[in-house]
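Single-structure report; data block below.
Numbering (this note's numbering), first residue to last: 147 to 269.
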């Protein structure tokens, strides 16, 4: 099993039960790491694929075709995938920040009610 599969499984193992704050933070952190690693791998893959396709310029069957243009067009899809993975990483950070803004800032507003909470999950 590769490290990517392990990371995805570790994401699935995070349960939003007892302490939601801890789970949200850990989930966001693991998602950000996975997306960042995926983005860097896609970037390397796009560069390597583009270089390999450029070497096809001298192939006799592709002699009259614009290989550079075609290689750039094909590799562009991996570059777009890289950008999407970077977006996933950024959204994972925003997920954690928005949770903190919406739920944890309530405690810092000075709410003095000390009502005992007995629900399934806790902040």
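We treat Cβ as the ideally placed atom computed from N, Cα and C, and that holds for glycine.
Closest by CA to residue i, which one among the options?
i, options, result
"residue 192", "219, 205, 167", "219"
"residue 175", "210, 160, 211", "160"
"residue 170", "224, 234, 211, 238", "238"
"residue 249", "222, 183, 167, 152", "167"
"residue 156", "173, 165, 206", "173"
Contact check, residue i vs residue j under 8 Å by CB: the rounded distance?
i, j, result
"residue 154", "residue 188", "With 8 Å as the limit, residue 154 and residue 188 do not qualify as a contact, their Cβ atoms being about 16 Å apart."
"residue 184", "residue 231", "4 Å"
Could you tell me the distance, in whole angstroms, from the CA atom of residue i to the CA atom of residue j?
i, j, result
"residue 190", "residue 197", "11 Å"
"residue 202", "residue 213", "7 Å"
"residue 233", "residue 162", "23 Å"
"residue 208", "residue 217", "12 Å"
"residue 199", "residue 158", "37 Å"
"residue 178", "residue 236", "7 Å"
"residue 204", "residue 152", "41 Å"
"residue 165", "residue 265", "11 Å"
"residue 215", "residue 223", "13 Å"
"residue 243", "residue 262", "26 Å"
Could you tell me if residue i is buried or exposed, where buried requires 16 or more neighbouring beta carbons within 10 angstroms of its beta carbon?
i, result
"residue 267", "exposed"
"residue 194", "exposed"
"residue 186", "exposed"
"residue 149", "exposed"
"residue 228", "buried"
In the DSSP output, which residue or residues are listed as bridge partners for residue i?
i, result
"residue 165", "268"
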